[in-house]
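Structure, as structure tokens:
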Amino acid sequence: MTERKQRVRAAFDRAAATYDAAAAVQREICGHLLDLAKAHPPGAPVQRLLDAGCGTGTGATVLIDWLAPARRYALDFAPGMLACHVDRPGQTAICGDLEHLPLADASVDAIWSSLAVQWCNPARVMAELGRVLQAGGTAWVATLGPQTLWELRDAFRGIDDAEHVIGFHGPDTWQQSAIQGGLQVAGCRRIPAAATAGSLRHLLKDIKAIGAHQVGSGRRRKPLGKAAWRQLEATYERHRRTDGLLPATYDVILLALHRTD
Ligand SMILES: C[S@@+](CC[C@H](N)C(=O)[O-])C[C@H]1O[C@@H](n2cnc3c(N)ncnc32)[C@H](O)[C@@H]1O
Numbered sequence: 130m131t132e133r134k135q136r137v138r139a140a141f142d143r144a145a146a147t148y149d150a151a152a153a154v155q156r157e158i159c160g161h162l163l164d165l166a167k168a169h170p171p172g173a174p175v176q177r178l179l180d181a182g183c184g185t186g187t188g189a190t191v192l193i194d195w196l197a198p199a200r201r202y203a204l205d206f207a208p209g210m211l212a213c214h215v216d217r218p219g220q221t222a223i224c225g226d227l228e229h230l231p232l233a234d235a236s237v238d239a240i241w242s243s244l245a246v247q248w249c250n251p252a253r254v255m256a257e258l259g260r261v262l263q264a265g266g267t268a269w270v271a272t273l274g275p276q277t278l279w280e281l282r283d284a285f286r287g288i289d290d291a292e293h294v295i296g297f298h299g300p301d302t303w304q305q306s307a308i309q310g311g312l313q314v315a316g317c318r319r320i321p322a323a324a325t326a327g328s329l330r331h332l333l334k335d336i337k338a339i340g341a342h343q344v345g346s347g348r349r350r351k352p353l354g355k356a357a358w359r360q361l362e363a364t365y366e367r368h369r370r371t372d373g374l375l376p377a378t379y380d381v382i383l384l385a386l387h388r389t390d
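Residue numbering for the sequence shown follows the working numbering, starting at 130 and increasing by one per position.
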């Protein structure tokens with residue numbers, strides 16, 4: 130496992146206890162992904178469902194309520210997240226990596242994956258989703274695009290030249306990777322969603338509470354000095370909305386994918 134992947138995993142592992150309380154925008158995005166799933170429903174009843182990058186498992190409940198699959202595989206590489214899943218009937222929790230799924234070829238009928246694959250190499254993860262999906266199966270994937278946290282990227286630009294927000298891939302890359310992975314793109318939507326808070330400090334605290342603060346590409350950085358922090362806050366103030374809240378935008382890419390052969 131790369132050093133970067135280890136940092137991402139450790140951050141999500143630590144965030145398991147605080148995730149659900151801070152995950153309002155993540156729940157909203159699961160609602161959008163469910164809408165897409167309903168627009169591109171499975172062709173046959175789903176017996177075996179994989180929740181790929183399941184986190185605490187709360188996100189997929191909207192889909193599970195709708196499809197009622199007999200077997201569910203909840204997969205995540207953060208043991209702390211999986212520990213939130215105990216005692217759910219019909220469910221097997223699997224500690225594994227999305228880029229190397231510990232599942233047999235064609236072993237699931239449908240895949241749900243919300244806000245996990247953006248941490249992965251698109252070609253590798255799409256090849257894995259395509260491999261484990263049964264012919265005729267469907268995958269619904271929510272990921273993040275290049276405009277994600279643009280306000281933060283913008284505000285840091287005046288402070289230093291480090292990459293504080295990684296360069297997320299756009300919809301074309303995800304669609305091409307899906308096709309290379311043997312999947313047909315049935316639907317693709319792109320929508321903005323905003324996390325909000327009264328102050329920049331609270332916005333960043335919420336991002337940390339869900340474990341997504343490893344969005345920078347660099348190693349551990351020195352904490353910002355007081356003057357730099359004040360400058361960051363002042364720059365971010367430009368984005369304060371008329372309802373008095375500061376937004377952090379998520380550039381959400383939603384994909385419905387079919388495995389045809
Ligand atoms: C933002 S959370 C989303 C959790 C859940 N899907 C939801 O909608 O609430 C991202 C999850 O993906 C997991 N994840 C990220 N990269 C992963 C990888 N390469 N393999 C397995 N899990 C991964 C993290 O551990 C984390 O639990």
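Cβ atoms here follow ideal geometry from the backbone N, Cα and C, with glycine treated the same way.
Note that the structure is predicted; figures quoted are calculated from it, not measured.
- Does at least one heavy atom of ligand 1 sit under 7 Å from the Cβ of A324? no
- Task: Let me know the secondary structure DSSP gives D164 once reduced to three states.
- Result: helix
- Task: Go through the segment 248-300 residue by residue and report every complete run of the beta strand (DSSP E) that reaches 3 residues or more, in order.
- Result: 262-273
- Relative to the alpha-carbon of G184, which residue among A166, D290, R143 and R367 has its alpha-carbon at the smallest distance? R143
- Message: Any contact between the segment 154-162 and the segment 308-323? By contact I mean 3 or more CB pairs, one from each, below 8 Å.
- Response: yes
- Query: Tell me the DSSP bridge mates of W241?
  - Reply: D180 and W269
- Taking only heavy atoms of ligand 1 into account, decide whether any of them is closer than 7 Å to the Cβ of D205. yes
- Item | Option nearest Q176 by Cα separation, candidates A326, Y365 and V237 | V237
- Distance between beta carbons of G274 and P251, contact taken as under 8 Å: Rounded, the Cβ-Cβ distance is 12 Å, inconsistent with contact.
- Task: Return yes when the Cβ of V314 is within less than 8 Å of the Cβ of L386, no when it is not.
- Result: yes
- Query: How long is the line joining the alpha carbons of A239 and Y148, rounded to whole angstroms?
  - Reply: 25 Å
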